[in-house]
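Chemist: Under full-length UniProt numbering, the first residue of the sequence shown is numbered 1, with each subsequent residue one higher.
One structure follows; several queries about it will come next.
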Amino acid sequence: MANLLWSIIWLIVLIVVGFWVAFFCAGWYVLIYPLTVCIPDVSVVSDFLLLGAQFTHWCAKSMMEGKSLF
């Protein structure tokens, strides 16, 4: 029963927060990633934005596994 509750919470996080974070980060990632060729130090920022773009995957995986938030 606890896993079902955590899965529902992860679904809510995915819908309410996950998609917005991923859309925001993906947009900036597309703009900043080409700059890493010219400015290698920008790769730290692009890597962080990639993690944000993959946030929906992390939420969905946690939802399917029934993991707790913390």
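Quick reminder that beta carbons are idealized off the backbone N, C-alpha and C, glycines included.
Since the structure is predicted, the reported quantities are computational estimates derived from the model, not experimental observations.
Counting only the same chain and skipping the five closest in sequence on each side, list residues whose C-beta sits under 6 Å from that of Leu49.
Modeler: The residues are Cys25, Trp28, Tyr29.
Chemist: Closer than 8 Å is the cut-off here; do at least three beta carbon pairs connect the region 30–41 with the region 55–63?
Modeler: In short, these stretches do not touch, since the Cβ pair count stays below three.
Chemist: At the level of alpha carbons, what is the spacing between Ala53 and Ala2?
Modeler: So the alpha carbons of these two residues sit roughly 28 Å apart.
Chemist: Just verifying my parser: in three-state terms, what is the DSSP assignment at Phe70?
Modeler: Looking at Phe70 - three-state DSSP - the assignment turns out to be coil, as it is neither helix nor strand.
Chemist: Whether or not the region 9–16 and the region 59–68 are in contact is what I'm after, with contact meaning three or more pairs of Cβ atoms, one per stretch, closer than 8 Å; do they touch?
Modeler: Segments in contact, yes.
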